[in-house]
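Novice: Structure below; questions to follow.
2 protein chains.
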Amino acid sequence: MRRKWWGWGDPNKVDELESHPTLYSFLKSQLNLSGSESYPTARAEDIKLPESKLTKDLMAELIRVTAPENVCGGDIARLIHSAGLGYKDIIRLRRGLLPDYVDAVVYPVDERQVVKVLKVCEENYIEVLPYGGGSSVVGSFEVIRDRGSGGVIAVDMTVMGRLMKLDATSGLATFEAGVSGPDIEAQLAPHGFTLGHFPQSFEYSTLGGWIATRSAGSSSDIYGKIEDMVVSLRVATPKGIVETKTVPKSAAGPDLRQLFLGSEGTMGIITQATMVVRRVPQAKAYSSFLFKSFDRGIEALRQLVQSRVKGSTLRLSDERETWAFYNSAGEAVSTSSKLKQEVGKWYVAKRGFSFEDGSLLMAITQGGPNEIDGERKFIADVCHAHGGISLGSSPAEAWLESRFDQPYLRDSMISHGIMVDTLETATVWSNVRRLHDAVAVAITTELERRGFSSLVTCHLSHSYPSGSSLYFTFMSRQQEGKELDQWEAVKYAATSAIVENGGTISHHHGVGLEHSRWMVAEDGEQGVAALKALKAALDPKGILNPGKLLPRKEARTP
Amino acid sequence: MRRKWWGWGDPNKVDELESHPTLYSFLKSQLNLSGSESYPTARAEDIKLPESKLTKDLMAELIRVTAPENVCGGDIARLIHSAGLGYKDIIRLRRGLLPDYVDAVVYPVDERQVVKVLKVCEENYIEVLPYGGGSSVVGSFEVIRDRGSGGVIAVDMTVMGRLMKLDATSGLATFEAGVSGPDIEAQLAPHGFTLGHFPQSFEYSTLGGWIATRSAGSSSDIYGKIEDMVVSLRVATPKGIVETKTVPKSAAGPDLRQLFLGSEGTMGIITQATMVVRRVPQAKAYSSFLFKSFDRGIEALRQLVQSRVKGSTLRLSDERETWAFYNSAGEAVSTSSKLKQEVGKWYVAKRGFSFEDGSLLMAITQGGPNEIDGERKFIADVCHAHGGISLGSSPAEAWLESRFDQPYLRDSMISHGIMVDTLETATVWSNVRRLHDAVAVAITTELERRGFSSLVTCHLSHSYPSGSSLYFTFMSRQQEGKELDQWEAVKYAATSAIVENGGTISHHHGVGLEHSRWMVAEDGEQGVAALKALKAALDPKGILNPGKLLPRKEARTP
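From first to last, the protein sequence lines stand for chains G and A.
Throughout the first sequence, residue numbering follows my numbering, covering -7 to 550 in sequence.
Throughout the second sequence, residue numbering follows my numbering, covering -7 to 550 in sequence.
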C-alpha cells in the first residue's frame, strides 16, 4: 500500500482544483478567495526527523521477534505513521513537522509476530500505535509519548492481508485484519461474494481499522455498518489472545466483540475477523429527486427508512450542499454535461423548484431485477408524495463515480489556501433539523467572528428507523500562519454544538485524540470509568495507543 | 403481576395433560410411562422458611429509603424471589425447599428509590438479586450467599412499569424497566405502535429482564432480538447512574449498552430503556410446509433468510418435533381437527411424505397486504423448490395460538412425573446439522445410560444470514427421588456437546448459574477477566447478583 506521504492516496494521482473551473469559481465567490492563496508542501529530502528514542537493543529485540525487513526506522515511514489524514494532520505533514514521531515501524507478517511484538513492548514499556491504512481524521496516530517509556512504535498491519477461510454455506469470510478494501473484494470476487463495505477511504484503509473505528461505507444502508457485519474477532492483547465465538447470535453475557469494536487500538490489536459476506448484487439502479426544502426531504427519507426499503443507499443533501453539488458535479461527468445542466435548471425552475434552496436525494438501489423495480417504484412514490421531482439517474451516478477521488481534490484545495474538513454525528429523527442548524450556525459564527466567509454543507447519508447521521463539510479561506488555531476553534465550536444538541460525537470517524475530551460528555463519568477498567484488565501497563479514546490525565509510568 | 408460587403464571389457570389425550398417550408410549407417575406440590401453609438474616436496623433502613409497603418479608414472597422457573427451580419450589432464600423483597417505585436501595446495600454489604418477572430458566435467582454479607435481598422491579416518553417521529418509546410484556403493548397500542417482542414468558416477564438476558421472542426474525431494539439505557450501579446516549448509531468508542445487555443483574439494575417501536402491522398470514427430511428443510430455511425475507417468523422442526407436533397440535385447536388431521395424513402419505420422518416449517408473515402477498409467494416458491408440500395455514395458526399456554402444560407434565425442559444454542449454517445431532445424541445417551427412554425434539426458530438458533425440548420419566441428579446429568451432557461442537452456551436464555461454569469455554480466560474487571469497576464490593454469569471462586468479603 504505497501512498503519498503528505496527503491522500496514490503518489502519482492528482485532481487539481483548476480542472473544476465552475467549482473553483463558486468557491472563490463563496469563500472570498482571490485565487492567489496557497499552502506549500516541503520537499521529502528536506525532512529530517529527530533521532529514534529506541535503544539499539530494543530495535534488535523487535527484529529478533519478526525479521530485519519487518522493522523500519526510516524518516518518511516514521513520519507517515505518526499522523492520520485529517486536515490538521495534513497541515502538519506538508511541513514535515509533527508534535512527535514514532521511533520505528514494525510490520508483523502473522498473528504470532503480533503477539511477540506486544510481549517485547509490554516487557520493555514500549508504547504501541496499532496502524492500518492510516486514514484517521480524528488524530488517532498523533504520538503522545510518556517520557518514562522506552519508545513508541507503530505496528503496521498491512502485510497481514489474507483470506483465511471462506464458509460459503454460512456466508462467512475470515480475513487477517490488515487486509485493504480492494484486497477484500478481490479475494471474495472469484467466489461471487462481496463484503459490501465502501468507506470513502476504501482504497487506503483496512478491515482492522474499520472495526476499530466502527466505520461506515457508502452501502451501509444496505449492508449495515462494519459492527453489523462482524461475527467474530481474534484480538492480541498484552495479556493474551481474546477470541470470540463464531456464532450468529448469543445470550452468553455481554457481547465481547463490542469491547473491541470502536476500541481504536487501545484494548488490543485486532488480528483476524470473521465477516458476513453477501452474494454480489445482480444489478444496480440510480435515481435522484429534488425537494423544495431540506425539511420535505427529511420527511421523505424518514418515511423510506421507516418502511421496508432495505436495498438502497439513500443520501439527502441540505440546501447548501445541493447548491454546491449543482455547482460542481456537472463538469466532472461528461463534456455535454454543461448543456444538460442548463436544460435541467430550466426544467426545475419551470416547475417552481430551485437548486439554490432545494434538497437533493440520491438513491442507489441494488438486488435482483424484480426487487430493484419494486423498490425504485416505492422510492419514487414516496418522494413524489412529499413534493419531490425526479431528476433521473445522472446525479446519483456522478456522485458514486467521483467519490473515491474527492480526497485528491481536497489536497488541491488545501494547496490553494482553503481550509476544508468534514465531521459527522447522528441523532434521532425528531432532532435532526435542530442539530443540523445548531452545528451549521456554530461553524459559520466562529468563522465570521474570525473574519472569514464560509461554506457549510451537510447530508444525511446513513439512516435508520430511529434517526440519521449528519455529515458536514466546512470550508473557508485558511487563516495564514494560524491554520491550526483556526481549525481548532471551528472544531471546538462544532463539537460543542453537537454535544449540547443531542448528537453523538461521532457516527463513523471515531474518537481518536480530537474527540477524547468529549468522552465524558458522551458516556458519563461511570461509563468512562468502566471502559478504563476494561482497558486496565487487557492492557495493564497502558502501552496501547496511549492518550487516545479515553483521556488520560497523567502519563503512566512502567 | 400476581402469579403461582410453585409454577408458571396465573394461579387460577391450569392446562392438564389429561385434556390432551392424544399427546398423553403419545408421551406414555415414547417415555415408557405407566400413567401412575406423579410429583407432588406442598401446601403453601406448610411452607416455613428460615428466619431472615437481615437485622431489624437494616430492614428499617430499607423501609426508610422506600416505604413500609415497598418492603416485604413474607415467606411466599421470599420463596418466589429465590428461584426462577426452570425445571430445577420447579422441582424445588413445589417442595418449598430451596438451597437458600432472600431475606426480604424490596419493590422500588422509581429510579431514585433504586439508587437509594443500592446505596444502603453497598454501605452495609447486602447482596442484591435484581428481579423482573422471575422467569429465568438458568438459575439466575438461586441465592448464593456470602456468609460475610449482611443479607440478601431481591429488588423486584415490577412496580416500575410506566411509559415515560413516546417519540412517534423517531419511533422510540422510553419505558421504566419493570414493565411487563402485556403492559408494554397496552401502553403502545393507543398510539398505533408495537414493540414486537413476544417471548414465551411474555405475560410474566419484564423489559429489564429481557435486556439483562438478551431475550428473543416469536417475532424476533422480524423485529430482531431485544438487543437489536435497545437504543439507550439508564442503569443504576453502586457507583452511580450510567446513561447511554439516545442516538441511532455511534462510533464513540465501544458501545456502552453492550456492557448491560446480557449482564443479568451483575453490573447494575436497568431502570429505563428507550426502545425502537414499530407501527402495528396491518395484516398477518400463515403458511406451513412439510419437507421429506430436516436436511431439506434446513436448506430451504437457509435460502429464505439469506434472501430478502424480512417480514416473516420462520420456524423449522426436526423429524422428532414434527412427529410430536402432529401428535399434539390437532386436539387443542378445534373439535373437527381430528378429522382434518386424518385427511391431512392421507394426503401427505399419498404424496410420499410422512409426519413421522418429515420436517415442518411454519411461517407467519406480516406487513401491508401487498408485502405479505409477495413474501408468501417467495416463501412458497423456495419451499416447493426444496421439495416441500404446503400444509395450509392451520399448523402455524395452532402453534401461535397455544404458545403462551405451553408452560401451564409443562406444570401438568411435571405433576405427572415427567422431566421436561428446554435448552437452546446457535451456530453457523455449515454446522447446524452436526450440532443438532451431537446434542440430541448426548441427551438420549445420558438418559439411556440411566435407564430412561426419552423424547428429544428441536426446532430452528431464530435464523440469520450466517446461521440459526437450535431450540431443544427433552423429556423422560422422572428418576424418582433423584429428580435433580437426573436433570443435572442431562444438562451437563447437553452443554458439553454444545461447547464441543461449536455452539454458544445460550442463544436467548442467558447464563445465570447453570451456564456460568462454561463461561471460560465461551469467552476465554482473557474475555472473562475483562468482564470481571468491568464488574469490579461498576460494583466494587460485588453485591450485585453474586455468583451468576461470572463464576466467582471465593466469596467476597466487604
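Built from N, CA and C at the ideal position, the CB exists for glycine as well.
Hey, could you find the ends of the alpha helix (DSSP H) T228 (chain A) is sitting in?
Specialist: Residue numbering aside, residue 228 (chain A) sits at position 236 when the second sequence is read from its first letter. For clarity, residue 228 (chain A) is Ala in the given sequence; the question names Thr instead. No alpha helix (DSSP H) contains A228 (chain A), which is instead part of the beta strand (DSSP E) from V222 to T229.
Novice: Please report the distance separating the alpha-carbon of L253 (chain G) from that of A228 (chain G).
Specialist: On the first sequence, residue 253 (chain G) is found 261 positions in, with the first residue counted as 1. On the first sequence, residue 228 (chain G) is found 236 positions in, with the first residue counted as 1. When rounded, the distance between both Cα atoms is 14 Å.
Novice: What does DSSP give as the partner residues of E235 (chain G) in its beta bridges?
Specialist: Reading the first sequence from its first residue, position 243 is the one you call residue 235 (chain G). In DSSP, E235 (chain G) forms a bridge with G:R226.
Novice: I want to verify the contact list: residues of chain A whose CB lies under 7 Å from the CB of I497 (chain G), in sequence order.
Specialist: The residue you call residue 497 (chain G) lines up with position 505 of the first sequence. Those within 7 Å of I497 (chain G) in chain A are A244.
Novice: Check for me: the alpha helix (DSSP H) holding I435 (chain G) runs from which residue to which?
Specialist: Here residue 435 (chain G) refers to the residue found at position 443 of the first sequence. It spans V424 to R441 - the alpha helix (DSSP H) in which I435 (chain G) sits, taken as one unbroken run.
Novice: Using three-state DSSP, classify K157 (chain G) as helix, strand or coil.
Specialist: As a working note, residue 157 (chain G) is residue 165 in the first sequence. If DSSP states are grouped into helix, strand and coil, K157 (chain G) belongs with the strands.
Novice: Beta carbon of M221 (chain A), beta carbon of S280 (chain A): below 7 Å?
Specialist: In the second sequence, counting from the first residue as 1, residue 221 (chain A) sits at position 229. In the second sequence, counting from the first residue as 1, residue 280 (chain A) sits at position 288. It is not a contact, given that the beta carbons lie outside the stated cut-off.
Novice: Between L282 (chain A) and chain G, is the shortest Cβ-Cβ distance under 7 Å, so that the two count as touching?
Specialist: Stepping through the second sequence from its first residue, residue 282 (chain A) is reached at position 290. For L282 (chain A), the answer is no, since every Cβ of chain G falls outside 7 Å of its Cβ.
Novice: Nearest-angstrom Cα distance between P84 (chain A) and L90 (chain A)?
Specialist: The residue you call residue 84 (chain A) lines up with position 92 of the second sequence. The residue you call residue 90 (chain A) lines up with position 98 of the second sequence. First, the amino acid is wrong: residue 84 (chain A) is Arg here, not Pro. So the alpha carbons of these two residues sit roughly 6 Å apart.
Novice: Compare the C-beta of R288 (chain A) with all C-beta atoms of chain G and state if any pair is closer than 7 Å.
Specialist: Here residue 288 (chain A) corresponds to residue number 296 of the second sequence, with the count starting at 1. No - not a single Cβ of chain G is within 7 Å of the one on R288 (chain A).
Novice: DSSP puts E61 (chain A) in a beta bridge; with which residues?
Specialist: To locate residue 61 (chain A), count along the second sequence from 1; it is residue 69. Bridge partners of E61 (chain A): none, in fact.
Novice: I'd like the list of long-range same chain contacts for I203 (chain G), defined as Cβ closer than 8 Å, with 5 residues on each side in sequence excluded.
Specialist: By 1-based counting over the first sequence, the position of residue 203 (chain G) is 211. So the qualifying residues of the chain are A169, I218, E219, V222, L225, F252, L253, I262 and A265.
Novice: Measuring CA to CA, which of A:E313, A:G344 and A:Y93 is closest to G65 (chain A)?
Specialist: The residue you call residue 65 (chain A) lines up with position 73 of the second sequence. When each option's Cα is compared against that of G65 (chain A), the closest is A:Y93.
Novice: Where does D7 (chain A) sit, in a helix, a strand or coil, going by DSSP?
Specialist: Taking the first residue of the second sequence as 1, we reach residue 7 (chain A) at position 15. Of the three classes helix, strand and coil, the one that applies to D7 (chain A) here is coil, per DSSP.
Novice: With 7 Å as the threshold, decide whether the Cβ of T314 (chain A) is near any Cβ in chain G.
Specialist: For this step, residue 314 (chain A) is matched to residue 322 along the second sequence. Taking a beta-carbon distance threshold of 7 Å, T314 (chain A) does not count as an interface residue toward chain G.
Novice: Any idea what DSSP makes of Q105 (chain A), helix, strand or coil?
Specialist: Within the second sequence, numbered from 1, the residue matching residue 105 (chain A) stands at position 113. Three-state DSSP puts Q105 (chain A) in a helix.
Novice: Report yes or no: is there a C-beta of chain A within less than 7 Å of the C-beta of W421 (chain G)?
Specialist: Working through the first sequence from its first residue, we reach residue 421 (chain G) at position 429. Yes, W421 (chain G) counts as interfacial toward chain A.
Novice: Determine whether the Cβ of P543 (chain G) lies closer than 7 Å to any Cβ atom of chain A.
Specialist: As a first step, residue 543 (chain G) must be located in the first sequence, where it is residue number 551. Answer no: the Cβ-Cβ gap between P543 (chain G) and chain A never drops below 7 Å.
Novice: Taking 7 Å as the threshold (C-beta atoms), are I364 (chain G) and Y31 (chain G) in contact?
Specialist: Locating residue 31 (chain G) in the first sequence gives position 39, counting from the first residue. Locating residue 364 (chain G) in the first sequence gives position 372, counting from the first residue. For Y31 (chain G) and I364 (chain G), no; Cβs fall outside 7 Å.
Novice: Establish whether the CB of L530 (chain G) and some CB of chain A are separated by less than 7 Å.
Specialist: Numbered from its first residue, the first sequence carries residue 530 (chain G) at position 538. It does; some Cβ of chain A falls within 7 Å.
Novice: Rounded to a whole number of angstroms, what is the C-alpha to C-alpha distance between G184 (chain A) and F396 (chain G)?
Specialist: The sequence position of residue 184 (chain A) within the second sequence is 192, counting from 1. The sequence position of residue 396 (chain G) within the first sequence is 404, counting from 1. If you take the alpha carbons of G184 (chain A) and F396 (chain G), they lie about 43 Å apart.
Novice: Return the residue from the list G:E256, G:E367, G:T449 and G:E53 that minimises the CA-CA distance to E311 (chain G).
Specialist: Sequence index remark: in the first sequence, residue 311 (chain G) carries index 319 (1-based). It is G:T449 whose Cα lies nearest to the Cα of E311 (chain G).
Novice: Consider the Cβ of Q105 (chain G): report whether some Cβ of chain A lies at a distance smaller than 7 Å.
Specialist: Here residue 105 (chain G) refers to the residue found at position 113 when the first sequence is read from its first residue. It does not: the Cβ of Q105 (chain G) has no partner Cβ on chain A nearer than 7 Å.
Novice: Could you confirm whether any beta carbon from chain A is found closer than 7 Å to the beta carbon of V272 (chain G)?
Specialist: If you number the first sequence from 1, residue 272 (chain G) lands on position 280. No, V272 (chain G) does not count as interfacial toward chain A.
Novice: Below 7 Å between beta carbons is the criterion; list the residues of the segment 85 to 118 of chain A that meet it against any residue of chain G, in chain order.
Specialist: none
Novice: Cutting at 8 Å between CB atoms, please list the residues of its own chain near R509 (chain A), excluding the five before and the five after it.
Specialist: Translated into the one-based positions of the second sequence, residue 509 (chain A) becomes position 517. Result list for R509 (chain A): P543, in chain order.
Novice: With H, G and I counted as helix, E and B as strand and the rest as coil, what does DSSP make of R87 (chain A)?
Specialist: For this step, residue 87 (chain A) is matched to residue 95 along the second sequence. Residue state, collapsed to three classes: coil.
Novice: Quick check on the DSSP output: what are the complete beta strand (DSSP E) runs of length 3 or more inside the segment 328 to 407 of chain G, in order along the chain?
Specialist: 351 to 359 and 381 to 384
Novice: For R271 (chain G), which residues from the same chain have a beta carbon less than 7 Å from its beta carbon, with the 5 sequence-adjacent residues on both sides left out?
Specialist: For the purposes of this step, residue 271 (chain G) is taken as residue 279 along the first sequence, with counting starting at 1. The answer, listed in chain order, is G184 and F185.
Novice: Along chain G, which residues have their Cβ under 9 Å away from the Cβ of K217 (chain A)?
Specialist: The residue given as residue 217 (chain A) occupies position 225 in the second sequence. Under the 9 Å cutoff, chain G gives K241 and A243.
Novice: Going by beta carbon distance, what residues of the same chain come within less than 8 Å of V151 (chain A), once the five residues before and after it are set aside?
Specialist: Position 159 of the second sequence holds residue 151 (chain A). Hits under 8 Å: N62, Y99, P100, V101 and G170.
Novice: Check whether the Cβ atoms of L158 (chain A) and A96 (chain A) lie closer than 7 Å to each other.
Specialist: Against the second sequence, residue 158 (chain A) aligns to sequence position 166. Against the second sequence, residue 96 (chain A) aligns to sequence position 104. Cβ distance not < 7 Å, so L158 (chain A) and A96 (chain A) don't count as in contact.
Novice: Are the CB atoms of G350 (chain G) and L439 (chain G) nearer to each other than 7 Å?
Specialist: For this step, residue 350 (chain G) is matched to residue 358 along the first sequence. For this step, residue 439 (chain G) is matched to residue 447 along the first sequence. Cβ atoms of G350 (chain G) and L439 (chain G): not closer than 7 Å.
Novice: Ignore the nearest five residues each way along the sequence and tell me which others in M156 (chain A)'s own chain have a CB closer than 8 Å to its CB.
Specialist: Start at 1 with the first residue of the second sequence, and residue 156 (chain A) comes out as number 164. Excluding residues within five positions, the ones whose Cβ falls inside 8 Å are T166, F167, E168 and Q264.
Novice: Is it right to say L164 (chain A) is buried, meaning 16 or more other beta carbons lie within 10 angstroms of its own, or is it exposed?
Specialist: Here residue 164 (chain A) refers to the residue found at position 172 of the second sequence. Under this definition L164 (chain A) is a buried residue.
Novice: Taking a contact to mean a Cβ-Cβ separation below 7 Å, would you say G76 (chain G) touches F133 (chain G) in this structure?
Specialist: Numbered from 1 along the first sequence, position 84 holds the residue referred to as residue 76 (chain G). Numbered from 1 along the first sequence, position 141 holds the residue referred to as residue 133 (chain G). It is a contact, given that the beta carbons lie within the stated cut-off.
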